[in-house]
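So the sequence lines, in the order shown, correspond to chains R and U.
To convert, count from 1 in the first sequence and add 808; that's the numbering used here.
To convert, count from 1 in the second sequence and add 1258; that's the numbering used here.
Here a beta-carbon is modelled for each residue, glycine too, at the ideal position from N, C-alpha and C.
Please read these numbers as outputs of a predicted model, since none were measured by experiment.
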Amino acid sequence: MPHPDHAEVLIQASRLTKQFGDFTAVDGIDFRITRGEAFGFLGPNGAGKSSTMRMIGCVSPPTSGQLAILGWDPVTQGPAIRSRLGVVPQENTLDIELTVRENLLVYGRYFGLPRAVIRERAASLLDFVQLSDRAEDRVEPLSGGMKRRLVIARSLINEPDILLLDEPTTGLDPQARHIVWDRLFRLKQRGVTLILTTHYMDEAEQLCDRLVVMDGGQIVAEGSPRELIGGYSTPEVLELRFDPADHEQAAEKLAAQLDGPHREESLPAERLEVLADRVLIYTRDGDQALAAARALGLEPVTSLARRSTLEDVFLRLTGRQLGD
Amino acid sequence: MAVPTVAAPTAETAAASRPWSFASRELRFWLTDYRRTWRGSVISSVLGPVLYLGAMGAGLGTLVNRHSSASLGGVTYLAFISPGLLAATAMQTGFGEAMYPVLGSVKWVSNYFAAVASPLRPADVFRGHLMFVTLRLFMNCGIFLAVIAAFGAARSPMVIAALPVAVLTGLAFAPALMAWSVTRTTDVSFSVLMRFVMVPLFLFSGTFFPVSQLPGWLQPVAYVTPLWHGVALCRALALGTADPAGAAVHVGYLLVLALAGCAAAQVTYRRRLHE
């Protein structure tokens, strides 16, 4: 949902910059997040996502630029802003020696909430993250997914306006990820503003109304998942796998068509990417492209025509090389 | 045009301006945490002084007392070392509470990072934790003092005043050590510090024998150590020989170290927790 003009702006950043010594982690980015949105920061490791999240979380003062959260300056109004935020940090900061419930009680007291209020909220939050039956158990033996759900429950103890999630499902197994997504989706439906970082494209597609792709501390693209796919990739991708002996030759032949004068007839494609084991053909119609490849006398061992995903956009924008 | 929201001031804005309001929340974390380990901790707090006073005071003391000299101030060895060990225990508690628990708070348990995601600021986290360390000092020194009384090793009712002095001795070390520990990423330097700083202080700050027995050139070094000031004042109070001027110097010296440690911790906690 691209922010409508009447929307209430909760976070506004302009030329936001964070430097650590000579290293610029966040390099003059602009963004605006409105109430009720699910907003994502995508990017490879070291892109500046977590540094941005820490600035929004008021635990890392910006080096320069403007940042307003709920209309406040994070440097002078840190405590007031943080009292309205929920934070799910990248590393679980749970006290594993305490019980599940005690972790919520201890955390609730950081917010100055009365004991009775914390107790009541803890009970309903544990219910929400499906941990009620483990309430009196120590945290240590819980699975990764359970710990993550507990951190999410904990982040909601102060009924925050904005929930910050730094890589909420990294390291979880598929079942655990889907449960977390389900809970986050419910929060979104309740109107909680979600801000998350991730390098999982399926996560971004599932959860985010709008996202920015970061690379090298800068925002390189912005939009809804659909807009980004439309703007930076073709509707479909044809993946061709050849016999290793023919791979290189086939790739050259395809590439030659792309540069040829009658490319639309010979190979309806916009772009070609040659990987070690496959050739990716970015096209508006995968079946048509496959027919064209066959007409050129190429016989792939396997072929897969699929829709473009955010991952294609991501790899195009941030490259296939390791970021760090 | 999109309208930036300006949230109404919250109760937390007011709470933030009261210096101990947020710190007491951090203290409550440590109290909850301590509920898990208090039994073992109290047992060792009792056992430690009983063993030390038994072995050194009553055991070794019988040998020392046969050659009793004026340099012990004409008292039994038990009466001599009891207040010294009280101050030394305060120092040890200060070291113990200010190293591993602090590193654990940024490295293993990460509870400091959980705390600063809430309204608490790094300085609140430091102050709250220091409140807990102070509480632990009162506990350990109080128990030690009770054991001294049980051994009949106190010579003056003024020994009661040795409790706050011992706590202050611990606080001459703890804030500075906390300031340093929060900057660490591993615990390798901790054992070095214990071996080469804490143990020599323990042995040579007048705890077991008067500093006057040290070689002349080493005596000024002993006078500079915080532990010597704690030992000297605790002993003077326990033996009833304290004078106001001397006491003021000792307290003043320990207080300056404690405050300097607090000032350093404000900076290092902010750097580590709000980088």
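- Taking 8 Å as the upper bound on Cβ-Cβ separation, chain U lies near residues GLU910, LEU913, VAL914, TYR915, ARG917, TYR918, PHE919 of the segment 907-919 of chain R.
- Close partners of R/THR978 in chain U (Cβ separation under 8 Å) are lacking, with about 16 Å as the shortest Cβ gap.
- Rounded to whole angstroms, the gap between the alpha carbons of U/LEU1513 and U/LEU1426 is 7 Å.
- In this structure, DSSP gives U/PHE1338 a helical state, which the three-state scheme calls helix.
- The beta carbon of R/GLU899 falls within 8 Å of a beta carbon belonging to chain U, placing the residue at that interface.
- Listed along chain R, the residues sitting closer than 7 Å to U/ALA1373 by beta-carbon distance are TYR918.
- Here U/GLN1350 is buried. Its C-beta has 16 or more other C-beta atoms within 10 Å.
- No residue range can be given for R/LEU921, since it is assigned to no alpha helix (DSSP H) and is classified by DSSP as neither H nor E.
- R/LEU971 and R/ARG991 have their C-alpha atoms spaced approximately 13 Å apart.
- Assigned with DSSP and collapsed to three states, U/PHE1467 falls in coil, not helix or strand.
- R/GLN938 has its alpha-carbon roughly 34 Å from the corresponding atom of R/PRO882.
- Assigned with DSSP and collapsed to three states, R/PHE1050 falls in coil, not helix or strand.
- Look at the beta carbons and you see the segment 1094-1102 of chain R not touching the segment 1023-1031 of chain R: under three pairs across the two are nearer than 8 Å.
- No residue range can be given for R/GLY1025, since it is assigned to no beta strand (DSSP E) and is classified by DSSP as neither H nor E.
- Here the C-alpha atom of U/THR1465 lies approximately 9 Å from the C-alpha atom of U/ARG1493.
- According to DSSP, residue pairing for R/GLU1044 in a beta bridge involves R/THR1091, R/ARG1115.
- Leaving aside the five residues that flank R/ILE841 on each side, the residues in its chain whose CB is nearer than 6 Å to its CB run, in chain order, LEU818, ILE819, PHE847.
- Look at the beta carbons and you see the segment 914-932 of chain R not touching the segment 853-873 of chain R: under three pairs across the two are nearer than 8 Å.
- For U/LEU1531, the chain R residues whose Cβ falls inside 9 Å of its Cβ are VAL867, in order along the chain.
- Interface flag for R/GLU944 against chain U is unset, since no Cβ pair is found closer than 8 Å.
- By the 16-neighbour rule on beta-carbons within 10 angstroms, U/ALA1521 is exposed.
- Cβ contact annotation for R/ILE987 (same chain, cutoff 8 Å, sequence separation greater than five): GLN938, GLY953, ARG957, in chain order.
- The DSSP assignment places complete beta strand (DSSP E) segments of no fewer than 3 residues inside the segment 845-901 of chain R at 846-850, 872-877, 893-896, in order along the chain.
- By the criterion of at least three beta-carbon pairs nearer than 8 Å, the segment 1400-1413 of chain U is in contact with the segment 1339-1353 of chain U.
- In the structure shown, U/ARG1324 adopts helical secondary structure according to DSSP, grouped into three states.
- Shown here, U/GLY1331 sits in coil according to DSSP, grouped into three states, outside any helix or strand.
- In the pairwise beta carbon analysis, the segment 1434-1441 of chain U is classified as touching the segment 1356-1367 of chain U: at least three pairs are separated by under 8 Å.
- Contact between R/SER1116 and R/GLU1044 holds: their C-beta atoms lie close to 6 Å from each other, under 8 Å.
- The beta carbon of R/ASP903 sits closer than 8 Å to some beta carbon of chain U.
- By the C-beta density criterion, R/ASP830 is exposed, having fewer than 16 other C-beta atoms within 10 angstroms.
- For R/VAL895, the chain U residues whose Cβ falls inside 7 Å of its Cβ are ALA1375, in order along the chain.
- Out of R/ASP1010, R/TYR1008, R/ARG1018, the CA that lies nearest to the CA of R/LEU1002 is found in R/ARG1018.
- Taking 9 Å as the upper bound on Cβ-Cβ separation, chain R lies near residues SER1279, PHE1280, ARG1283, GLU1284, ARG1286, PHE1287 of the segment 1277-1288 of chain U.
- Proximity of the segment 903-916 of chain R to the segment 1276-1291 of chain U meets the contact definition, three or more beta-carbon pairs being nearer than 8 Å.
- In terms of beta-carbon proximity, U/ALA1273 lines the interface with chain R, with at least one pair separated by less than 8 Å.
- Remark: fewer than three beta-carbon pairs, one from each stretch, lie closer than 8 Å, so the segment 1476-1483 of chain U and the segment 1383-1390 of chain U are not flagged as touching.
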